[in-house]
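Numbering (the numbering used here), first residue to last: 40 to 202.
Right, dumping it as structure tokens:
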């Protein structure tokens, strides 16, 4: 007995852009990161198994997008690499630092490692004396925290406060 497998097209959902069927395997075809989905996330992908004699059946396969923590230290591997620690050494953890990237005209992206269960506040100042809280109650998940902010033409400073 042999089966052919195919993805089932759904209205408004283009699974074919991200998954493909090769033989009897469901594989990732595109970049899941383009979807803007943060792990953990589970896709329910519809697949039809076709038997030329007995007919066909359609089932949803669960595909889980998860972050990897190779050394089981509570930090995902991508965060460890970005902030200078080893994803293979459970005693090596990300350095706490703030990274700021300009992502467009008048917009920045603020990145920092968020420890599992810890809470943070992002603040901005124009003079290093008076600080304005931009984002309150950010809860760490053992991954990189990414926030975007509009900025004016004036010089500005950012800081993260771990509570």
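Glycine residues also receive a C-beta, built at the ideal position from the N, C-alpha and C atoms. Note that this is a predicted model, so its numbers are computed, not measured.
Residue 119 carries a helical assignment under DSSP once its states are collapsed to helix, strand and coil. Considering only 187, 90 and 172, the residue with the shortest C-alpha distance to residue 43 is 90. The Cβ atoms of residue 95 and residue 81 do not sit closer than 8 angstroms to each other. DSSP places residue 56 within a helical segment (H, G or I) once states are collapsed to three. Looking at the DSSP output, residue 90 shares a beta bridge with 94. Nearest Cα to residue 132 within the set 57, 153 and 97: 153. The residue among 185, 106 and 88 with its C-alpha nearest the C-alpha of residue 160 is 185. DSSP, reduced to helix, strand and coil, places residue 107 outside both helices and strands of the structure shown, so it counts as coil. For residue 153, the enclosing beta strand (DSSP E) starts and ends at 146–153.
Judged by beta-carbon spacing, residue 87 lies within the 8 angstroms limit of residue 97, meaning their Cβ atoms are closer than that value. The stretch 138–154 makes contact with the stretch 174–183; the number of CB pairs closer than 8 angstroms reaches 3 or more.
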